[in-house]
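Below you'll find the structure, written out as structure tokens, and then a few comments.
2 protein chains.
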Amino acid sequence: MRGYYFPYHDILPELVVENEEKIVFLVMDGLGGLGSEPGKPTELELASTPNLDRLAQRSSCGLIDPVAPGISPGSGPAHLALFGYDPVQYEIGRGVLSVFGARCFDPDPIMKPGDVAARMNFATLGADGTIKDRRAGRLSEQKGKELCRLLDDGIERIDGVEITVMYEKEYRAAVLFRGEGLSGALADTDPTIVDMPPIDPKPKDGLDPETLARAERTAAVVKQFVEQAVEILKGHEPANFVLLRGFDEYQPLPSFAELYRLSACAIATYPMYRGLARLLGMKVVDCGQSVADEISALEANWGEFDFFYVHIKKTDSAGEDGNADAKVKVIEEVDSFIPRILELDPSVLVVTGDHSTPATLKAHSWHPLPVLVHSRYARTGGAAAFNETECAKGVLGRLPSVCLMPIALANALRLKRYGA
Amino acid sequence: MRGYYFPYHDILPELVVENEEKIVFLVMDGLGGLGSEPGKPTELELASTPNLDRLAQRSSCGLIDPVAPGISPGSGPAHLALFGYDPVQYEIGRGVLSVFGARCFDPDPIMKPGDVAARMNFATLGADGTIKDRRAGRLSEQKGKELCRLLDDGIERIDGVEITVMYEKEYRAAVLFRGEGLSGALADTDPTIVDMPPIDPKPKDGLDPETLARAERTAAVVKQFVEQAVEILKGHEPANFVLLRGFDEYQPLPSFAELYRLSACAIATYPMYRGLARLLGMKVVDCGQSVADEISALEANWGEFDFFYVHIKKTDSAGEDGNADAKVKVIEEVDSFIPRILELDPSVLVVTGDHSTPATLKAHSWHPLPVLVHSRYARTGGAAAFNETECAKGVLGRLPSVCLMPIALANALRLKRYGA
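Note that the protein sequences, when read in sequence, are chains A and B. For the first sequence, this note's numbering assigns the number 1097 to the initial residue and increments by one for each residue that follows. For the second sequence, this note's numbering assigns the number 1097 to the initial residue and increments by one for each residue that follows.
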């Protein structure tokens, strides 16, 4: 599979050196945008961003492609690329991300190789055997936690497989299956639309015989899990059923410490991003829910780490809602905190997103997204402001996202030269 | 061999969705140019192209490399790249292209895996056993057809191998060899210069033993074919000999329908381009020889297909002739038809070439060539006109040609997102 990207991971561990230089990745989710029609300004171009614009003039600016030109990425692959991991080589299922998100503050190893994880929704099953509500009336946080605890206490082990149910958010949870001979190659049980019956747990199509045998064993365990869950949930209507999706088998990834010799800190408000960061060996630190809370967390942890990942979720949420105005406001809010970040005097400050989420499309898109790399050693020029049009003229040009981590390390003087 | 390009074909079939959006690729062969000396305008810059210039301002513009920077491609690899096929992974010999070109309107499968094809020239052999004219005095169309029929009727089968001779154009033809245990790994029999004897059919150098055995069997069949052809051509001087080149063994490629779920239509005036399109599963439709004829064919077939490949040959012919003025005129003619194409309201219109053919060089060249992608969702900016200099400033940047098909599919909202 390898090929499109330079095989950085093969050579970086030999080149990396440790020093005191600090790197910040400020990631506005879904930052890249689009005009309401061709020729109109993007959300970032509509936003008043005096601090980012000034910074862009003193930085290397460009455009990055998370996966490849034309490909609209999910948040998982887009973030992996941003952190320097080939997003085609490393595929991580939503179940694993959920478990890591739910347990992100746990200092112990969260999953073991061979563990299987899935996302779980509490749902409402009608008397006719079809799903009436895939979210069980959007449970309260309190009720969601209570039901997760009931299931976790009530179902300990099925056919030798240890089972853990973890609360994620409201009606959402994650389930961890630990035992010998499991496989993550299971189809979703969620029919994704209402008035359809739930799908029985079963292996995905096209598996080799060895994987199929493991997937069949896993499906049998999951089937029993669902049956037992239904028993336990009796009397907790509308949450009388569970739907599972995003099954995945855990395989460890090389960590930030192994690859880059960085002690990394993640500041993010959403479980999935926390989970991904934890999966790469970052320390997830507690913070509130606002941008101001996140910047305060950055300041509070400044002395403890080499690398800081600060994730801003609401740019993406606004884009997905088709609300260009809201996206503009979030960008402007982030802009207002740039002086406080610069006050910390990071050796390298990267400002970018993980992918584009234009309000016009109400979805992740394929458009490359703007990036600025600010450091004492960054070449400047080309971009008069921080936006898609100006970054297209910047000295960085158009690059795959996987190039950003090595560029950041280089600017922090953390890479030796390659070869004699 | 794979490596330089992102492995689009591995992931696209899972991402592609069908919808009603239509895509047009308007391909001016050899479009990219060069000034008569450094600093002088290219052919495209000399041409008056008000329609393309206006379109460029409302499109994503950039430069594309057909194979890789520095590599001057043949038309085959350049077109494969344009259609999203890795031109290093997929090598198609001229013989196979000729057979597909000659049979492009045939609804039945044209070649079977293992079939071998070659291009054939009628030539003049002197009494001294050397080639005196590699084109047999440029036969008339009528005479070429007559001789092809004579050979096709006169030589049916040699050593169990079924043989078909197909008229291509004037002195040019294609030969199809169908039978067990053949190989396309044969050297050309054409000495390429006059006053040299023709080369005996023989295997290429450096073959593995298994391929060598098949190539030796094939060479023996071809040798007998040439001997029988010489007998049949007696009395048809100056066409008293045949030269064969571009031997190739057919291996099917994944089709546009399989890869992209597109029903594709090819509008091209030259057999080779029709052949390539047919090879990729496009329907080749009949059209006249002028640009106006081709645009009329586009209009006539608009309702029937999702994807339209419109190929303009004469930009390349003029470049090969070193005639910059003629190339300018063809470009201006094409420009005048842009309003009629826009009138059809395609969801995505890509205007580009397959490679550069600067009149200054009288040959295909390595220079990247200009491209514009027009769609409701294309980002605009950077390029004030449609030419090499302005496209170098466009928001698309510089990309491999293989990225264009995915970008076009994305702009037509025909790709789901990749990963969670």
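Virtual Cβ for every residue (Gly too), placed ideally from N, Cα, C.
Should Leu-1468/B and Asp-1402/B be called a contact, given that it needs their Cβ atoms to be closer than 9 angstroms? Walking along the second sequence from the start, residue 1468/B turns up at place 372. Walking along the second sequence from the start, residue 1402/B turns up at place 306. The answer is no: Cβ separation not under 9 angstroms.
Find the residues of chain B that neighbour Pro-1173/A, judging by a C-beta separation of less than 7 angstroms, and give them in chain order. Here the question's residue 1173/A lines up with position 77 in the first sequence. The answer, in chain order, is Tyr-1514 and Gly-1515.
Using DSSP with H/G/I as helix, E/B as strand and the rest coil, what is Val-1381/B? In the second sequence, the residue the question calls residue 1381/B occupies position 285. DSSP places Val-1381/B in coil when its eight states are reduced to three.
Using 9 angstroms as the limit for Cβ to Cβ distance, is Met-1097/A near chain B? Residue numbering aside, residue 1097/A sits at position 1 when the first sequence is read from its first letter. Caution is warranted here: a pLDDT of 37 is assigned to Met-1097/A, below 50, making its placement in the model unreliable, and no coordinate value can be reported.
Could you tell me which of Ala-1506/B, Asp-1249/B, Pro-1502/B and Asn-1483/B sits nearest to Leu-1142/B, measuring between CA atoms? Stepping through the second sequence from its first residue, residue 1142/B is reached at position 46. Proximity to Leu-1142/B across Ala-1506/B, Asp-1249/B, Pro-1502/B and Asn-1483/B peaks at Asn-1483/B, based on C-alpha coordinates.
When you compare only the Cα positions, how much space is there between Gly-1131/B and Ala-1420/B? As a first step, residue 1131/B must be located in the second sequence, where it is residue number 35. As a first step, residue 1420/B must be located in the second sequence, where it is residue number 324. Approximately 9 angstroms between the Cα atoms of the pair.
Check: Ile-1295/A C-beta below 8 angstroms from any heavy atom of the ligand NAP: This structure lacks the ligand NAP; in fact it carries no ligand of any kind.
Which same chain residues end up closer than 7 angstroms to Arg-1409/A when comparing Cβ atoms and leaving out the 5 residues on each side of it in sequence? Residue mapping note: residue 1409/A aligns to position 313 of the first sequence, counting from 1. It is Lys, not Arg, that sits at residue 1409/A in the sequence shown. Closer than 7 angstroms at the Cβ level, and outside the excluded window around Lys-1409/A, lie Asp-1125, Thr-1365 and Tyr-1366.
By a C-beta neighbour count over all protein chains shown, 10 Å radius and 16 as the cutoff for buried, is Met-1292/A buried or exposed? One-based indexing of the first sequence puts residue 1292/A at position 196. Here Met-1292/A is exposed. Its C-beta has fewer than 16 other C-beta atoms within 10 Å.
Using three-state DSSP, classify Lys-1489/B as helix, strand or coil. Stepping through the second sequence from its first residue, residue 1489/B is reached at position 393. Secondary structure of Lys-1489/B (DSSP, three-state): coil.
For Ala-1508/B, count neighbouring Cβ atoms within 10 angstroms of its own Cβ and tell me buried if that reaches 16, exposed if not. Along the second sequence, read from residue 1 onward, the residue named residue 1508/B stands at position 412. That one is buried.
Leu-1148/A to Lys-1136/B span [Cα, whole Å]: The residue labelled residue 1148/A in the question sits at position 52 within the first sequence. The residue labelled residue 1136/B in the question sits at position 40 within the second sequence. The straight-line gap from Cα to Cα measures roughly 39 angstroms.
In three-state terms, what does DSSP make of Glu-1327/A? Locating residue 1327/A in the first sequence gives position 231, where the first residue counts as 1. Here Glu-1327/A carries a helix assignment [DSSP, helix/strand/coil].
Roughly how many angstroms separate the alpha carbons of Arg-1510/A and Leu-1511/B, rounded to a whole number? Numbered from 1 along the first sequence, position 414 holds the residue referred to as residue 1510/A. Numbered from 1 along the second sequence, position 415 holds the residue referred to as residue 1511/B. Whole-angstrom Cα-Cα distance: 39 angstroms.
Are Phe-1542/A and Ile-1295/A close, meaning C-beta to C-beta below 9 angstroms? As displayed, chain A neither begins before 1097 nor continues past 1516, which places residue 1542/A out of reach and without an answer.
Within the stretch 1247-1306 of chain B, ranges of the beta strand (DSSP E) (whole runs, at least 3 residues): The qualifying runs are 1257-1265 and 1268-1274.
Kindly indicate if chain B contains any beta-carbon less than 9 angstroms away from that of Pro-1134/A. Position 38 of the first sequence, counting from 1, holds the residue named residue 1134/A. Answer yes: the Cβ-Cβ gap between Pro-1134/A and chain B drops below 9 angstroms somewhere.
Look up Asp-1344/B in the DSSP assignment and give the residues it is bridged to. On the second sequence, residue 1344/B is found 248 positions in, with the first residue counted as 1. DSSP, once it has assigned bridges, lists Ala-1213/B as partnering Asp-1344/B.
Report all residues from its chain with a CB closer than 8 angstroms to the CB of Trp-1270/A; omit the five preceding and five following residues, and keep chain order. One-based indexing of the first sequence puts residue 1270/A at position 174. In the sequence on display, residue 1270/A carries Ala and not Trp. Cβ neighbours of Ala-1270/A beyond the five flanking positions: Gly-1191, Ser-1194, Val-1195, Gly-1197, Ala-1198, Ala-1213, Ala-1214, Arg-1215, Met-1216, Val-1261, Met-1262 and Glu-1264.
Against chain B: residues of the stretch 1188-1215 of chain A by CB proximity under 9 angstroms: Closer than 9 angstroms at the C-beta level to chain B, one finds these residues of the stretch 1188-1215 of chain A: Ile-1188, Gly-1189, Arg-1190 and Leu-1193.
Can you tell me whether Met-1097/A is buried or exposed? The criterion is at least 16 other CB atoms within 10 Å of its CB, across all chains shown. Stepping through the first sequence from its first residue, residue 1097/A is reached at position 1. Any reading at Met-1097/A must be qualified, since the residue scores a pLDDT of 37, below 50, and its modelled position is unreliable; the value itself is stated next. Classified as exposed, Met-1097/A has fewer than 16 neighbouring CB atoms from the shown chains inside 10 Å of its CB.
Quick one: grab the DSSP three-state call for Phe-1218/A. Within the first sequence, the letter at position 122 stands for residue 1218/A. In the three-state DSSP reduction, Phe-1218/A falls in the strand class (E or B).
Segment contact flag, the stretch 1152-1170 of chain A with the stretch 1486-1500 of chain A, C-beta cutoff 8 angstroms, min 3 pairs: Segments in contact, yes.
Sorted by chain position, which residues of the same chain lie with C-beta nearer than 6 angstroms to Ile-1250/B's C-beta, five sequence neighbours on each side aside? One-based indexing of the second sequence puts residue 1250/B at position 154. Note that residue 1250/B is Gly in the sequence shown here, rather than Ile. Once the five neighbours on either side are set aside, the close Cβ partners of Gly-1250/B are Ile-1328.
In terms of alpha-carbon separation, which member of Pro-1348/A, Asp-1202/A, Pro-1299/A and Pro-1146/A lies closest to Pro-1209/A? Counting from one through the first sequence, the residue named residue 1209/A turns up at place 113. The option with the nearest alpha carbon to Pro-1209/A is Pro-1348/A.
The stretch 1097-1117 of chain A / the stretch 1384-1396 of chain A touching (three or more Cβ pairs under 8 angstroms): Contact between the stretch 1097-1117 of chain A and the stretch 1384-1396 of chain A is absent: fewer than 3 CB-CB pairs across the two stretches fall below 8 angstroms.
So, is Thr-1288/B buried or exposed, given that buried needs 16 or more other C-beta atoms within 10 angstroms? As a working mapping, residue 1288/B is identified with position 192 in the second sequence. Label assigned to Thr-1288/B: exposed.
Could you please give me the residues that DSSP links to Tyr-1514/B through a beta bridge? Position 418 of the second sequence holds residue 1514/B. Tyr-1514/B is bridged to Pro-1169/A.
Can you pull the chain B neighbours of His-1460/A, defined as C-beta to C-beta under 8 angstroms? Numbered from 1 along the first sequence, position 364 holds the residue referred to as residue 1460/A. Arg-1513, listed in chain order.
Assuming Tyr-1514/B contacts Pro-1169/A under a Cβ cut-off of 8 angstroms, what Cβ separation, rounded to an integer in Å, is found between them? The residue you call residue 1514/B lines up with position 418 of the second sequence. The residue you call residue 1169/A lines up with position 73 of the first sequence. Rounded, the Cβ-Cβ distance is 5 angstroms, consistent with contact.
Starting from Asp-1412/B and walking both ways along the alpha helix (DSSP H), at which residues does that stretch end? Reading the second sequence from its first residue, position 316 is the one you call residue 1412/B. Run containing Asp-1412/B: 1410-1416, per the alpha helix (DSSP H) assignment.
By a C-beta neighbour count over all protein chains shown, 10 Å radius and 16 as the cutoff for buried, is Gly-1180/A buried or exposed? The residue labelled residue 1180/A in the question sits at position 84 within the first sequence. With 16 or more other Cβ atoms within 10 Å, it is buried.
Gly-1166/B: contacting residues in chain A (beta-carbon distance under 7 angstroms): Residue mapping note: residue 1166/B aligns to position 70 of the second sequence, counting from 1. Going along chain A, no residue has its Cβ under 7 angstroms from Gly-1166/B, so there is no contact; the nearest lies around 18 angstroms.
Kindly list the residues whose CB is nearer than 6 angstroms to the CB of Gly-1490/A, restricted to its own chain and excluding five residues on each side of it in sequence; keep chain order. Here residue 1490/A is taken as the residue at index 394 of the first sequence, counted from 1. Result list for Gly-1490/A: Cys-1157, Gly-1158, Gly-1478 and Ala-1479, in chain order.
Where Val-1319/A sits in the DSSP three-state scheme: Within the first sequence, residue 1319/A is the residue found at index 223, counting from 1. Looking at the sequence provided, one finds Lys at residue 1319/A rather than Val. If DSSP states are grouped into helix, strand and coil, Lys-1319/A belongs with the helices.
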